[in-house]
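S.K.:
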Amino acid sequence: MKKLLSAVLLLVIISASSCKKYLDIKPVGRVIPETTEDYRSLLTKAYSLFPEYKGQLALRTDELIMNEYSEDAAFSRDIFIWKDGSADPSTTEFPYQSFYQSIFYTNEIIVSAEATAGKSAEVDQIRGEAYLLRAYSYFEMLNLFAKPYNKETVSSDRGVPISTEIDLEKNFVPASAEAVYSQIFSDIANAETLMNINTYETGKNYRFTRRAMEAFKARIYEYRGEWDKALSSAEKALSLNNELEDLNSSDRKPTDFRSTESIMSLENTLHTSVAKAVFVSPDLISKYQAGADLRLTKFFSKSGGRYNSLKTGSDEFKVTFRNAEMYLIKAEAAYQTGNTALARETLLALKAKRFTPQGYADEVAKVGQLSGAALLTEILAERTRELALEGHRWYDLRRYGQPSITHAFNGETFVLQQNDPRYTLRFPASAIKNNPNLQ
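Residues -20 to -1, 1 to 419 (mature numbering (1 follows the signal peptide of the UniProt record, and there is no 0)) are what the sequence shown spells out, left to right.
#1: Could you pull the start and end residues of the beta strand (DSSP E) that E392 belongs to?
#2: Measuring only the C-alpha atoms, how far is P416 from A255?
#3: Please state whether DSSP places P401 in a helix, a strand or coil.
#4: So E225 packs on S239, CB below 8 Å; how close in whole Å?
#5: Give me the Cα-Cα distance between K278 and T144, rounded to the nearest whole angstrom.
#6: Of the residues E48, F152, W62 and L22, which one's Cα is nearest the Cα of L39?
#7: Return the chain-ordered list of same chain residues with a C-beta closer than 7 Å to the C-beta of residue 420, the five sequence neighbours on each side being excluded.
#8: Can you give the Cα-Cα distance for G108 and D64, rounded to whole angstroms?
#9: Looking only at its chain, what residues have a beta carbon closer than 8 Å to the beta carbon of V347, apart from the 5 residues adjacent to it on each side?
#10: Taking only runs of the beta strand (DSSP E) that begin and end inside the segment 76 to 160, which ones reach a length of at least 3 residues, in chain order?
#11: Is it the case that the Cβ atoms of F177 and R190 are separated by a distance below 8 Å?
#12: Find out if the Cβ-Cβ distance for the pair L241, I309 is shorter than 8 Å.
#13: Beta strand (DSSP E) containing L44: first to last residue?
#14: Any contact between the segment 100 to 117 and the segment 76 to 87? By contact I mean 3 or more CB pairs, one from each, below 8 Å.
#15: Just to confirm, are L174 and Q105 a CB contact at a threshold of 8 Å?
#16: For residue 448, which residues from the same chain have a beta carbon less than 7 Å from its beta carbon, with the 5 sequence-adjacent residues on both sides left out?
#17: In the structure shown, what three-state DSSP assignment does F301 receive?
#18: Which same chain residues, not among the five before or five after T404, have their C-beta less than 6 Å away from its C-beta?
#19: Jot down the residue ranges of each uninterrupted alpha helix (DSSP H) in the segment 184 to 218, minimum 4 residues, whole runs only, in chain order.
#20: Around the C-beta of G183, are 16 or more other C-beta atoms found within 10 angstroms, so that it is buried, or is it exposed?
#21: Does the segment 283 to 297 come within contact of the segment 386 to 395, defined as at least 3 CB pairs closer than 8 Å?
#22: What do you get for F301, buried or exposed, if any count of 16 or more other CB atoms within 10 angstroms of its CB means buried?
#23: Quick check on Y380: buried or exposed, where buried means 16 or more other Cβ atoms within 10 Å of its Cβ?
#24: Using 8 Å for Cβ pairs, my map puts F188 next to F407. What's the rounded Cβ distance?
#25: Using CA atoms only, rank isn't needed, just tell me which of R20, S136 and Q36 is closest to H372.
#26: Going by CA-CA distance only, name the one from P141, S289 and D18 that's closest to I265.
#27: Counting C-beta neighbours from all protein chains within 10 Å, is the total for E181 16 or more, i.e. buried, or is it exposed?
#28: If you draw a straight line from the C-alpha of N72 to the C-alpha of K99, how long is it?
#29: Rounded to the nearest angstrom, how far is the Cβ of S219 from that of A198, given a contact under 8 Å?
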């Protein structure tokens, strides 16, 4: 970790030298901005450093199959076949250092912005966003490198190293998952006292807002199975804007950063480096009802019997949180808290914007007959259809049973067994080399 932070500090210094009064390098070697604008620039850099890896996660799920003839397959093959222990050197690593690069910037903002630039609503907002971006980084790393949340074992499960200040001498070791969650909740609590913008205009909606904060909280509580809190946070997010793209009339995809249902649009969830090496799996395509579910043709294109994604990959498709996810969290949480009527109502509100009129009428009749486990199964199936290739599927598989998955590549069959240890990623080899505490 010491090597990592030193490298990050060097990057900051190099970046600063190329900007007009972006940062002032002080004699002690610390990079200290001075004005509100400096801190906003620093935060913009922190956002830009947040890594893109959701496509790599999709490779490990049932959403994609490999294009064996793609020149890019070599970078993704071993991820696809879960060959984690002895992956080919050409395999793209999951991010680690880039998370801490982003965290480095947020730490500086959190610690120094108010003291240096003064107290103001704008500085409060900047510091609040920094708290949330840091919390989101730790949340994502937990879901990559720690076991799925289990309240019985979270205090002993290994998490990730926690860095909240710039300290090149500190020996960074992984904290428990519980300690990392405590840091996440502390950061969110601090952000709640500072955030004062509900929604940014299009083009700036890669930033955290109060609406995105509630969406983030809803997702955390969903993953932890804290259903009352998940329901409350999802409803708060939707109270600020509950619009959905109506696929019966709109040509805009819900994953477009300009979409009416965008909450926060930081991430490209299927980077072209992955997209060029894969096709959408027949298993995923089979979950959409042809002629009724408008997502089949809106989200995917067919060529020669294979399907490609239309909702990811290009620059306009950036999504971190959106309203459809909040509807699905609300439906799942309502079911889990015993309010099946609200669960059905919320689920159908989403389906109304995704099916043809006749298709929706059929869905109303079907959902009206569902109860118990069958209703939950339908809610989760709708998550699979709606949020496909947006980075949710791997996490959902971890939450619900860690089922067995089979992949085929070059005539060979590979199996991820139920409850396989590979449902938790290893720390990248480069990270372990720099910090043996990650072994």
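C-beta atoms are modelled at their ideal positions from N, C-alpha and C, and glycine is treated no differently.
Nothing here was measured: the structure is a model prediction, and the numbers come from that model.
M.R.: Concretely, from the data shown:
#1: E392 to L396
#2: 33 Å
#3: helix
#4: 6 Å
#5: 43 Å
#6: W62
#7: What the structure shows of the chain is the stretch from -20 to 419, and residue 420 is not part of that stretch, so it cannot be assessed.
#8: 37 Å
#9: R324, L327, L328, K331, L355 and E358
#10: 138 to 141 and 154 to 156
#11: The amino acid at residue 177 is misidentified as Phe; the sequence shows Ile. Yes.
#12: The residue you asked about is not Leu; residue 241 is Glu in the sequence shown. Their beta carbons are not under 8 Å apart, which means E241 does not touch I309 by this criterion.
#13: L44 to M46
#14: yes
#15: yes
#16: No statement about residue 448 is possible, as the shown extent of the chain runs from -20 to 419 and does not include it.
#17: strand
#18: K127
#19: 190 to 204
#20: exposed
#21: no
#22: buried
#23: exposed
#24: Not a contact, Cβ separation roughly 27 Å.
#25: Q36
#26: S289
#27: exposed
#28: Per the sequence shown, residue 72 should be read as Thr rather than Asn. Taking the straight line from one Cα to the other gives about 43 Å.
#29: No, S219 and A198 are not in contact; Cβ-Cβ is about 12 Å, not under 8 Å.
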